[in-house]
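Q: So the sequences go chain by chain: A and B.
With the first sequence counted from 1, adding 1 to any position gets you the numbering used here.
Heads up: the second sequence at position 77 corresponds to 70 in the numbering used here, and the numbers run straight through without jumps.
I have a structure here, written as C-alpha cells, and I will follow up with some questions on it.
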Amino acid sequence: MTVKELLLIGHGMVGQRFLEALFEQPDKWRVTVLTEEPRPAYDRVHLTSWFSGTTAEELSLCPPGFLSEHGIDLRLGDPATAIDRAARTVTTRSGTELRYDALVLATGSYPFVPPVPGHDSAGCHVYRTIEDLEAIKSSAGSARTGAVVGGGLLGLEAAGALRAMGLETHVVEFAPRLMALQVDDGGGAVLRRKIEDLGVQVHTGAGTQRIEAGEDGSVRAMALSDGSELAVDLVVFSAGVRPRDQLARDCGLPVGERGGIVVDEHCRTEDEHIWAIGECALAVDGRVYGLVAPGYAMADTVARELTGSSAEFTGADTSTKLKLLGVDVASFGDAMGTTEGALEVLYANSRAGVYKKLVVSSDGRLLGGVLVGDADSYATLRPLAISKAQLPGPAEHLLVPADADTHGPLVLPDEAVVCSCHNVTKGTITAAVSEQGMRTVPEVKKCTKAGTGCGSCVKLLSSIVDEELAAGGIEVSRGLCEHFTHTRAELYEIVRVKGITGFSRLIDEHGTGEGCDICKPTVASILASLGNGHVLDGEQAALQDTNDHFLANLQRNGSYSVVPRIPGGEITAGGLITIGEIARDYGLYTKITGGQRVDLFGATVDQLPGIWRRLVDAGFESGHAYGKALRTVKSCVGQAWCRYGVQDSVALAIELELRYRGLRAPHKLKSAVSGCARECAEAQSKDFGVIATAEGWNLYVGGNGGMTPRHADLLATDLDHETLIRTIDRFLMFYIRTADRLERTAPWLDRLEGGLDHLRAVVMDDSLGICAELDELMARHVETYQDEWAATLADPERLRRFVSFANAPGTPDPTVRFVPERDQIRPARPDEDGRVLISPNLEVRSR
Amino acid sequence: MNAVQIDDGRNWTRVCEFDDLIPGRGVAVLLPDGTQAAVFRTRTDEVYALDNRDPFSGAYVMSRGLTGSRGDIPVVVSPMLKQTFDLRTGRCLDEESAPDGSSADLRVRPVRVASDDMAVC
C-alpha cells in the first residue's frame, strides 16, 4: 500500500487536535504541517496567562515527542501561499511545492482592525499570538495610558493585562454593553460595575473615530464617536475576528458572504480532496464558530472521515463560562430569549454583584440563561438547557437554591453533555463507572477524556462519579483510613472541641483498631497544631513518623540528615563556620538546599544529640525539615543592598520565619519574600509568598513547585505590615483547620468551595466569624513555641531513644556504611565495601 | 522488674526493661551473631520481634516503624517505603517479593517478657 500524503495548513489549537484525533487510529497518512507562527500549537484560550508568568513552553499543546512519534513534518514559519487544486499541490512562502492527497485547512482567523485613520500608528496592537503579547508588553514599558477597542472576552482580558502592568486603562465598546454577544443588558451592567471596580474605565456605545499620532509616529490620542478624546499612548484592537479564507478564495473555493470557507456536514469543501475546520470554516448551519469546542468537534469529524469511519458536524452549542478579571460570566442555550414564547426568571443583587437570568419555555422547560458574578450552577444548568429538559423544580430554586439537591448531577438526563470540549455525556461517564469499573475521577478522565479540555466540568464530573459509585453500592469513603471514618478536618474539630490530648482517647471514642502509619502521624500533627507540648512526650511519642521521632530526616541507608534553621537564609560567617566545623568533625555530607539553608547528611541515630548539642550551643534551632511544618521563608537581599529593592525583604522573611517556626500543619509549608516585583525569591511558587510594592506588601497564597506546580493567587495587595501578618496568621490557621491530610495549600485552595473569594472573605472580612479564634490560636503558637532540639537535649528521658541498639547503647550500627565520592561521603551500595563512620573521630575520610 | 528477652538462636538475650519500650513503637537489638532484630510493644502491651532489615530498601530500620492494625492483624509499617508486615508472622501484607527477588517476609524471633531474676546468659 502506498502511503498517502496529508497536508495540514495551520497548527493552532484545532490543527493540533486534528492531528491527535487522526493518530488515535493506526497511522494511515504521511503528514506535513505548514504554519506561519514560529512555534508549535499553543493554548490560545489561556493566552492572557502569559502576562502573569505562564511561559510559552507551558502554553504549548504539542507534547514532546508527539511529532516524531508519528513522523509529522512540521514546518514552522513557512505558511502556504497558494493552492493548485488541479495539480493537488500547495506552494509555501519559501517556494517549496508540496503534493497532497488530502488537504485540511485550519488557518483560523485574524483580528479585525477597524479601518479608522491612524490605526497603524506605532503603539497600536492586536491580541492574538504570543508575539502580539510580547509587542504589547514592550510598548507598555514606556506607556502610561492604554485603551482597548472592543469590550468582548478578549478585550476585557487585554484590559486586565494592561491594568496589571500599571497602565491607566480604558475599554471602548461600540455596543451598548460589555460582552454583548454573551450577556444581556442586566448582566452587562453588573459586569461593568465589577470591571470599573478594578480601575478600568469603560466607554460603551462609543465607536473609535480616529487615532492620532504624535510627531514620532506613535499613538498620542484617540477620538470617540461621542465627541470625547482620550489621551492614550497604547491601543489594543480586540474588535472581533474574521476567518482566514484567502487561500480558499484564491483557488476558487466558495466562501460565505461574510467570509468562511463553505463546508458540508463532513467539513468537506466543494473540492473532494479539501476540508476546512475551526474558525476558517463556515459550517453547514451557516455559522462560523469562534470557540474552541466546536473547532475540536470539526477536527474530530475530519479525522474520522480520513481514517475510514464517518462523522458529521452540523452545529454546536456555544455556551460559555469564563472567569474574567476575577468575575464569573456564563451564558448558555438561548441566552437572549429569542425562542418564541420564551419567559424570563431573574435574580439580581447589585450589592453582591450577582445577576442571574433563566430563559424558560411556557411549558416549563429550560432554554438558556445568563449568569454574572456567580456561575457555580452553570455546570448543572447548561446540560439541562441543551437537552431542553423539564425543570427539576421551580425555576427560582435554580437561581437561589433552597437546598443543594437541585444542583446535583442526578437531575441531569443521561444524554446531557457534561464535557463540551470532548463532547462527553453524563451517560458515558456513568457507564465508565458502572460498566467499565472505573473508580476514581482520574480513571474516568483517562477513559472518557471528560474534563481534560478546559477543565471547567471537573467538579460536576467528580460529583457524577461519586453518585454513580454510591448508586452502585460502592462506598465512597472520605475517611482518613480504616481506623477513622472522619476526614482530617473533622478530626481536627473533634480534637479541638472535646479538648482531646491523646491518641488513645481519640481512637477509643471515635475510631476502631490500633491505628496505622496514616492516622497516627495525622493525629500527632493535629495535637501539635493545637499546642499539646513537645512532640516526643507521653503518648505523642508513639505517633510520630520516624522523621519526627528522631527529629531528623531518614535517608536510604538508615542514616539521617540534619537541617538547622537559618531564618530568611541570612547567616553570619561565624554561623557558616560552625556548621562547617560540625560537618567536618562528624564527616557529614553537606549540600545547600533550595530553601537557603544547609543540609548535613549521614548522621547515625546516636550522633544526632552530639551534633545538635554543638548546633544549639552556637545558637541554632531545629529547622523542622523533618516535620509537616513551616520549612523556610526564603528571601532576596532586598532594599538594603539591591539597586531595585523597595522594601526590606530579608527583615520580613526573618520575622515571618521566627513567627511561624515550629507550626505543625497538614503538610509542609514554604514561604518567600521578594523585595520588588522582579520576584527573585520566587514567592509565587510558595504556600504563602510576599512581594514588596512601593506602598506595602502583596500577599500571594496557594503556590507550589514540585510535582504539580501552581502559581500562587494574589490574595491581597498593598498591605501594611500589621495587616499582612494578621492575614497570614489567619490564612495559615484556616488552612490547618480545614485541609485534608497531606494536602498542600495549592490543592486545598483549588478544592475550597468558593475559592479565593471565599478565602478572602474568611480571612479579611471575617465572613465565618472565626477570625478571633484563628488569631488566638496563632497567638498561642507564637507564645508557646520552644525549640524542639534544645528541649530534647535538656531532658534525659527524651534523649534515651537516640541509640542504635536498645541492648547496646553507644554501639554504632555496623550496617550504616559510606564510601567516598567527590571529596565527600555517600551511602555504600549493597555490593560496595563501605566503612562505618564512628563519631567524632573521622580517620575514614579518605582522599 | 520485667525484662524483655529475645532468642538469639542459642540463648535468651536481654533487650531492655519492658517499661523502656514505648507502646506503639519498637527498638533495635544487636544479637551476638551480628544480626539485628526489631522488638515492638503494641498499644495493648503485646511484644513482638522480627528481623530489623527492611527487605525493600535493605536498610536496618524496621524497629523505627509505627505499629498499628490492619483489620484484625497487628502490624508494623516500614518507615522507608511504607510496606506493612504482620507482627505475628512477619508476612508482608503488600507484596510477595522484594526488588532483589527474595521473599518480602520477615523472620519472626521468639521474644518473651520475664522477671529479671530468671537466668540470662
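Think of the CB as a built atom: it goes at the ideal place given N, C-alpha and C, for glycine as much as any other residue.
Predicted model, so just to flag it, every value in this text is computed and none were measured.
Taking 9 Å as the CB-CB cut-off, is C127 (chain B) touching chain A?
A: Outside the shown range of chain B (-6 to 114) lies residue 127 (chain B), about which nothing can therefore be said.
Q: Give me the Cα-Cα distance between L43 (chain B) and R105 (chain B), rounded to the nearest whole angstrom.
A: Here residue 43 (chain B) is taken as the residue at index 50 of the second sequence, counted from 1. Here residue 105 (chain B) is taken as the residue at index 112 of the second sequence, counted from 1. Spanning the two alpha carbons is a distance of roughly 13 Å.
Q: State yes or no: is the beta carbon of S95 (chain B) nearer than 9 Å to at least one beta carbon in chain A?
A: Translated into positions along the second sequence, residue 95 (chain B) becomes position 102. No, no contact with chain A.
Q: Taking the alpha-carbon positions, what's the L106 (chain A) to V425 (chain A) distance?
A: Locating residue 106 (chain A) in the first sequence gives position 105, counting from the first residue. Locating residue 425 (chain A) in the first sequence gives position 424, counting from the first residue. Cα to Cα, L106 (chain A) sits roughly 26 Å from V425 (chain A).
Q: Determine, for N558 (chain A), whether the minimum Cβ-Cβ distance to residues of chain B falls below 9 Å.
A: For the purposes of this step, residue 558 (chain A) is taken as residue 557 along the first sequence, with counting starting at 1. Yes, because at least one Cβ of chain B sits closer than 9 Å to the Cβ of N558 (chain A).
Q: Going by beta carbon distance, what residues of the same chain come within less than 7 Å of L326 (chain A), once the five residues before and after it are set aside?
A: Counting from one through the first sequence, the residue named residue 326 (chain A) turns up at place 325. Same-chain partners within the cutoff: L157, G161, I196 and L199.
Q: Give the DSSP bridge partners of D0 (chain B), in chain order.
A: To locate residue 0 (chain B), count along the second sequence from 1; it is residue 7. In DSSP, D0 (chain B) forms a bridge with B:W5.
Q: Out of curiosity, what's the CA-to-CA distance linking D335 (chain A) and A396 (chain A)?
A: In the first sequence, counting from the first residue as 1, residue 335 (chain A) sits at position 334. In the first sequence, counting from the first residue as 1, residue 396 (chain A) sits at position 395. Roughly 16 Å between the two C-alpha positions.
Q: Can you tell me which of A:G206, A:V191 and A:L743 puts its alpha carbon nearest to the alpha carbon of I527 (chain A)?
A: To locate residue 527 (chain A), count along the first sequence from 1; it is residue 526. Among A:G206, A:V191 and A:L743, the Cα nearest to that of I527 (chain A) belongs to A:L743.
Q: Who are the neighbours of G2 (chain B) on chain A, taking C-beta pairs under 8 Å?
A: In the second sequence, counting from the first residue as 1, residue 2 (chain B) sits at position 9. By Cβ distance, chain A contributes nothing, its closest Cβ being about 15 Å from G2 (chain B), past 8 Å.
Q: Could you tell me which of A:I826, A:S768 and A:R711 sits nearest to T56 (chain A), measuring between CA atoms?
A: Indexing the first sequence from 1 puts residue 56 (chain A) at position 55. Nearest C-alpha to T56 (chain A): A:R711.
Q: Only counting runs of 4 or more residues, tell me where the alpha helix (DSSP H) segments fall wholly within the segment 405 to 491 of chain A, in order along the chain.
A: 427 to 435, 442 to 449 and 459 to 472, all fully within the segment 405 to 491 of chain A.
Q: What would DSSP say about H535 (chain A), mapped onto helix, strand or coil?
A: For the purposes of this step, residue 535 (chain A) is identified with residue 534 of the first sequence, where counting begins at 1. Note: H535 (chain A) maps to coil in three-state DSSP.
Q: Under a CB-based cut-off of 9 Å, is D796 (chain A) close to chain B?
A: Locating residue 796 (chain A) in the first sequence gives position 795, counting from the first residue. Cβ-Cβ to chain B under 9 Å: no for D796 (chain A).
Q: As a quick exercise: from A:D766, A:R566, A:C420 and A:G474, pick the residue whose alpha carbon is nearest that of S435 (chain A).
A: To locate residue 435 (chain A), count along the first sequence from 1; it is residue 434. Measuring from the Cα of S435 (chain A), the nearest candidate turns out to be A:G474.
Q: If you compare alpha carbons, which of A:S226, A:G514, A:I593 and A:L775 is closest to D65 (chain B)?
A: Within the second sequence, numbered from 1, the residue matching residue 65 (chain B) stands at position 72. Minimum Cα distance to D65 (chain B) is reached at A:G514.
Q: Can you give me the C-alpha to C-alpha distance between L20 (chain A) and M166 (chain A), rounded to a whole angstrom?
A: The residue labelled residue 20 (chain A) in the question sits at position 19 within the first sequence. The residue labelled residue 166 (chain A) in the question sits at position 165 within the first sequence. Their Cα atoms are separated by approximately 37 Å.
Q: Flag G257 (chain A) as yes when its Cβ comes closer than 8 Å to any non-hydrogen atom of the ligand NAP, and as no otherwise.
A: This structure does not include the ligand NAP; it has no bound ligands of any sort.
Q: Count the other CB atoms, across all protein chains shown, that sit within 10 Å of the CB of W51 (chain A); report buried if there are 16 or more and exposed otherwise.
A: The sequence position of residue 51 (chain A) within the first sequence is 50, counting from 1. Buried, by the Cβ-count rule.
Q: In its own chain, which residues sit with a C-beta less than 6 Å from the C-beta of R665 (chain A), not counting the 5 before and 5 after it?
A: On the first sequence, residue 665 (chain A) is found 664 positions in, with the first residue counted as 1. Correct list, in chain order: S526, A529, S530 and A630.
Q: Using DSSP with H/G/I as helix, E/B as strand and the rest coil, what is M765 (chain A)?
A: Counting from one through the first sequence, the residue named residue 765 (chain A) turns up at place 764. Of the three classes helix, strand and coil, the one that applies to M765 (chain A) here is helix, per DSSP.
Q: Are the CB atoms of E540 (chain A) and S505 (chain A) within a distance shorter than 9 Å?
A: The residue given as residue 505 (chain A) occupies position 504 in the first sequence. The residue given as residue 540 (chain A) occupies position 539 in the first sequence. Closer than 9 Å, so yes.
Q: Starting from D730 (chain A), trace the alpha helix (DSSP H) in both directions and tell me its first and last residue.
A: Start at 1 with the first residue of the first sequence, and residue 730 (chain A) comes out as number 729. H722 to T739 is the extent of the alpha helix (DSSP H) around D730 (chain A).
Q: Could you tell me which chain A residues have their CB closer than 7 Å to the CB of Y53 (chain B), listed as they occur along the chain?
A: In the second sequence, residue 53 (chain B) corresponds to position 60, counting from 1. Those within 7 Å of Y53 (chain B) in chain A are G559, D814 and T816.
Q: Under 7 Å Cβ to Cβ from V201 (chain A), same chain only, skipping five residues before and after it: list those, please.
A: Reading the first sequence from its first residue, position 200 is the one you call residue 201 (chain A). Hits under 7 Å: A160, R164, T170 and V172.
Q: Can you give the beta carbon distance from L794 (chain A) to R615 (chain A), rounded, assuming they're within the 8 Å contact cut?
A: For the purposes of this step, residue 794 (chain A) is identified with residue 793 of the first sequence, where counting begins at 1. For the purposes of this step, residue 615 (chain A) is identified with residue 614 of the first sequence, where counting begins at 1. 10 Å between Cβ atoms; not a contact.
Q: What did DSSP end up calling S332 (chain A) once you bin it into helix, strand or coil?
A: By one-based count along the first sequence, residue 332 (chain A) stands at place 331. Strand, per DSSP.
Q: Excluding five sequence neighbours on each side, which residues of the same chain lie with their C-beta closer than 7 Å to the C-beta of R45 (chain A)?
A: On the first sequence, position 44 is the one that residue 45 (chain A) refers to. The residues are G13 and M14.
Q: As a quick exercise: from A:H722, A:D719, A:L715 and A:L775, pick the residue whose alpha carbon is nearest that of V732 (chain A).
A: Along the first sequence, read from residue 1 onward, the residue named residue 732 (chain A) stands at position 731. The sequence shown places Phe at residue 732 (chain A), not Val. Ranking A:H722, A:D719, A:L715 and A:L775 by Cα distance to F732 (chain A) puts A:L775 first.
Q: Any idea if R644 (chain A) is buried or exposed, counting beta-carbon neighbours within 10 angstroms, 16 or more meaning buried?
A: Working through the first sequence from its first residue, we reach residue 644 (chain A) at position 643. When all chains shown are included, R644 (chain A) counts as exposed.
Q: Can you name, in chain order, every residue of its own chain whose Cβ lies under 6 Å from the Cβ of L7 (chain A), other than the five neighbours on each side?
A: Mapped onto the first sequence, residue 7 (chain A) falls at position 6. Hits under 6 Å: W30, V32 and A103.
Q: Straight-line CA distance for E98 (chain A) to G147 (chain A)?
A: Numbered from its first residue, the first sequence carries residue 98 (chain A) at position 97. Numbered from its first residue, the first sequence carries residue 147 (chain A) at position 146. Rounded to whole angstroms, E98 (chain A) to G147 (chain A) spans 44 Å at the Cα level.
Q: Spatial neighbours of E89 (chain B) within its chain, please: CB distance less than 8 Å, with the 5 preceding and 5 following residues excluded, ordered by chain position.
A: Locating residue 89 (chain B) in the second sequence gives position 96, counting from the first residue. Within the same chain, E89 (chain B) has close Cβ partners S96 and A97.
Q: Would you call the CB atoms of S636 (chain A) and A673 (chain A) closer than 9 Å?
A: As a first step, residue 636 (chain A) is located in the first sequence; it is residue number 635 there, counting from the start. As a first step, residue 673 (chain A) is located in the first sequence; it is residue number 672 there, counting from the start. Their beta carbons are under 9 Å apart, which means S636 (chain A) touches A673 (chain A) by this criterion.
Q: Can you pull the chain A neighbours of S62 (chain B), defined as C-beta to C-beta under 8 Å?
A: The residue given as residue 62 (chain B) occupies position 69 in the second sequence. Simply H484, G514, E515, G516 and C517.
Q: Relative to the C-alpha of R86 (chain B), which residue among B:T28, B:D0, B:R63 and B:T35 is closest?
A: Against the second sequence, residue 86 (chain B) aligns to sequence position 93. At residue 86 (chain B) the sequence reads Leu, which differs from the Arg that was named. Cα-wise, what sits closest to L86 (chain B) is B:R63.
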